[in-house]
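Asks: Those protein sequences? They're chains A and B, same order as listed. Per full-length UniProt numbering, residue 1 is the first one in the first sequence, and the count goes up by one each step. Per full-length UniProt numbering, residue 1 is the first one in the second sequence, and the count goes up by one each step. Note that beta-carbon positions come from the ideal geometry of N, C-alpha and C, so glycine has one too. Just so we're clear, the structure is a prediction, and the values are computed from it rather than from any experiment. This is the structure I want to talk about, given as C-alpha cells.
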Amino acid sequence: MSWGGSFTQNYVNPENLVQAEQEYDAFMDLYQRIMTTCRNKCIPPHYHEPDLNKGESVCIDRCVFKYGAVQKLLGKKMDEQAANNMGNIGSSGGGIPSTL
Amino acid sequence: MDFSRYNQAEQAQINAMIEHKQMKDFLRLYSNLVQRCFDDCANDFTTKSITGKEETCINKCADKFLKHSERVGARFAELSQQVIIIKL
C-alpha cells in the first residue's frame with residue numbers, strides 16, 4: 001500500500017464534486033440553449049447550400065453575444081429584486097415565494 | 001470553467017465526470033441534428049426510402065448544422081472570456 005501523496009491532495013470532498021457538477025451543468029445548459037435558440041432564429045429551413053451564408057454567419061455572431069447580454073441584464077435585475085425583497089420582507093407582493 | 005481551485009484527486013474525478021457528460025452531450029447533439037433535418041427535409045411519404053431530393057437536402061442540412069455548431073462554439077468561447085453572471 002502506498003502512502004505517497006499528502007492527505008490534502010488525495011481527499012475528495014463530495015461537496016466540491018457536487019459544486020463542480022452544478023457549475024458544468026449550468027455552463028453546458030447555457031451553451032445548448034444558445035445553440036438551439038440561435039439556430040431557430042438565424043437559420044431558416046430552406047437548405048440551398050451546405051455552407052452558412054454571410055447573413056446567417058453575422059446573425060449567429062450577434063445572436064450569441066446578445067443572448068449573453070440579456071443573461072447579464074436579467075442577472076442584475078434578479079439581484080436588485082432579491083435586494084429589494086430583503087429590504088421589504090412581507091410588504092412586497094411579488095417575487096419568488098420562499099416555499100419553492 | 002476553471003477547476004484549478006480543487007485538489008488533484010477531485011480534479012481527476014471532475015474530469016471523469018466531464019468526459020461522461022460530454023459523451024451524453026454529443027449524443028444529444030446528434031439526435032437534435034437528426035430531428036431538425038428530418039423535420040425540414042423528409043416530407044415525401046409516397047415511399048419509405050429517401051428520395052434523391054431529400055438526400056441532398058439532408059446533406060446540406062447536416063453541413064449547415066455542423067458549421068453553425070462550430071461558429072456558436074467559437075463565439076461562446078469568446079463570450080465566456082467576458083464576465084457572465086450564471087445563476088446557480
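Give me the residue from Asp39/B, Lys67/B, Ser49/B, Ala42/B with the minimum Cα distance to Glu49/A.
Replies: For the residues Asp39/B, Lys67/B, Ser49/B, Ala42/B, the minimum Cα distance to Glu49/A belongs to Lys67/B.
Asks: How long is the line joining the alpha carbons of Asp51/A and Asp63/B, rounded to whole angstroms?
Replies: Going from the Cα of Asp51/A to the Cα of Asp63/B covers about 7 Å.
Asks: Among Pro14/A, Met28/A, Gln19/A, which residue has its Cα nearest to the Cα of Met23/B?
Replies: Nearest C-alpha to Met23/B: Met28/A.
Asks: For the alpha helix (DSSP H) holding Ala42/B, just list the boundary residues, first then last.
Replies: Run containing Ala42/B: none; DSSP gives neither H nor E here.
Asks: In angstroms, rounded to a whole number, what distance separates the CA positions of Ile43/A and Asn53/A?
Replies: Going from the Cα of Ile43/A to the Cα of Asn53/A covers about 10 Å.
Asks: I'd like the list of long-range same chain contacts for Ala82/A, defined as Cβ closer than 7 Å, with 5 residues on each side in sequence excluded.
Replies: So the list is empty, once near-sequence residues are dropped.
Asks: Pick helix, strand or coil for Tyr30/B, following the three-state DSSP scheme.
Replies: In this structure, Tyr30/B counts as helix in the three-state DSSP scheme.
Asks: Taking Leu30/A as part of the alpha helix (DSSP H), name the residues at either end of that continuous run.
Replies: Here the alpha helix (DSSP H) through Leu30/A covers 14 to 42.
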